[in-house]
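>
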């Protein structure tokens with residue numbers, strides 16, 4: 008079992024990163040929150056979840072243990088897969104998600120692509136007590152800001168690439184991203200993707 012991977016960041020995009028450790032490049036799927044935490048760095052240590060299936064072996068990386076713990080709680084809920092959990096953690100920080108669950112805010116969970124009313128209700132019912140017993144709810148009192156640095160590479164291409172990796176078609180993704188950047192051309196890529204996730208339905 009891989010607990011964490013520490014090494015040089017060989018490649019970083021809003022949805023995927025490659026960490027080189029001892030001559031091996033590990034490809035890890037990441038959330039926007041993890042992307043925000045590691046962008047601009049030369050090295051990183053990511054906590055790992057291994058998704059082992061008959062047809063694939065996929066690694067998910069998290070900048071903090073709390074985010075991984077929340078990810079594990081989310082995928083324990085019936086109907087919530089790894090990619091859906093990553094999308095939830097791309098739209099909300101762990102602290103924000105804890106607040107949404109503890110307050111029973113179905114509307115906020117339903118705003119996430121792929122989450123319907125029943126799944127939102129199931130997440131709240133299943134995890135309301137678990138976020139407290141697991142210690143993840145300590146994030147309730149945390150505050151987290153998003154970095155505002157604009158990436159060197161074109162924001163539009165990065166954002167569309169991230170949305171494509173998250174499962175959205177390139178053409179509608181491009182249209183939504185273009186519309187967002189027309190109104191706010193200086194917006195950083197992670198914020199563009201967060202807004203686009205709410206608009207692409």
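In the numbering used here, the protein residues as written are 8 to 208.
Virtual Cβ for every residue (Gly too), placed ideally from N, Cα, C.
Values in this document were obtained by computation on a predicted structure and should not be read as measured data.
(1) What residue range does the alpha helix (DSSP H) around residue 36 cover?
(2) Select from 164, 54, 193 the residue whose C-alpha is nearest the C-alpha of residue 37.
(3) Since residue 13 is in the beta strand (DSSP E), which residue starts that stretch and which ends it?
(4) In the DSSP assignment, find the unbroken beta strand (DSSP E) run with residue 68 in it and report its ends.
(5) If you count every other CB in all the chains shown that lies within 10 Å of the CB of residue 9, and 16 or more means buried, which is it?
(6) If you compare alpha carbons, which of 19, 40, 22, 51 is closest to residue 28?
(7) Reducing DSSP to helix, strand and coil, say where residue 5 ends up.
(8) Between the beta-carbon of residue 68 and the beta-carbon of residue 26, is there less than 9 Å?
(9) Do the region 130-142 and the region 103-111 meet, that is, are 3 or more Cβ pairs less than 8 Å apart?
(10) How would you call residue 192, buried or exposed, if buried means at least 16 neighbouring beta carbons within 10 angstroms?
(11) Beta-carbon separation of residue 57 and residue 65 under 9 Å?
(12) May I have the straight-line CA-CA distance separating residue 140 from residue 47, to the nearest angstrom?
(13) Is it buried or exposed for residue 202, if we count other Cβ within 10 angstroms and need 16 for buried?
(14) Kindly give me the distance between the Cβ atoms of residue 70 and residue 92, rounded to whole angstroms, as I take these residues to be in contact under 8 Å.
(15) Of all the options 85, 12, 98, 138, which has the alpha carbon lying nearest to the alpha carbon of residue 173?
(16) Look at the alpha carbon of residue 166 and the alpha carbon of residue 180, and state the distance between them as a whole number of angstroms.
(17) What is the C-beta distance between residue 20 and residue 169, in whole angstroms, given that I count them as a contact (C-beta under 8 Å)?
(18) So what's residue 200 in DSSP terms, helix, strand or just coil?
(19) Please classify residue 59 as buried or exposed, where buried requires at least 16 neighbouring CB atoms within 10 angstroms.
(20) CB residue 34 to CB residue 23, shorter than 9 Å?
Let me lay it out:
(1) Careful: residue 36 lies outside any alpha helix (DSSP H), inside the beta strand (DSSP E) at 31-36.
(2) Comparing C-alpha distances from residue 37 to each of 164, 54, 193 shows the shortest one belongs to 54.
(3) Per DSSP, residue 13 is one residue of the beta strand (DSSP E) stretching across 11-19.
(4) Unbroken beta strand (DSSP E) run through residue 68: 64-69.
(5) Label assigned to residue 9: exposed.
(6) With distances taken between Cα atoms, residue 28 lies closest to 51.
(7) Nothing can be reported for residue 5, as the shown portion of the chain is limited to 8 through 208.
(8) Inclusion of residue 68 and residue 26 in the CB contact set at 9 Å is warranted, their separation being smaller than that value.
(9) With a cut-off of 8 Å, the region 103-111 and the region 130-142 count as touching, because enough Cβ pairs lie within range.
(10) Burial is judged here by how many other beta carbons sit within 10 angstroms of a residue's own beta carbon; residue 192 has fewer than 16 and is exposed.
(11) Yes, the pair counts as a contact, with Cβ atoms nearer than the cut-off.
(12) Rounded to the nearest angstrom, the two C-alpha atoms are 35 Å apart.
(13) With 16 or more other Cβ atoms within 10 Å, it is buried.
(14) Cβ-Cβ separation between residue 70 and residue 92: approximately 15 Å, too far for a contact (criterion under 8 Å).
(15) When each option's Cα is compared against that of residue 173, the closest is 98.
(16) In this structure, the alpha-carbon of residue 166 lies about 8 Å from that of residue 180.
(17) Contact between residue 20 and residue 169 holds, since their C-beta atoms are separated by about 6 Å, short of 8 Å.
(18) Correct three-state label for residue 200: helix.
(19) Under the 10 Å beta carbon count, residue 59 is surrounded by fewer than 16 other beta carbons and is classified as exposed.
(20) Taking 9 Å as the Cβ cut-off, residue 34 and residue 23 qualify as a contacting pair.
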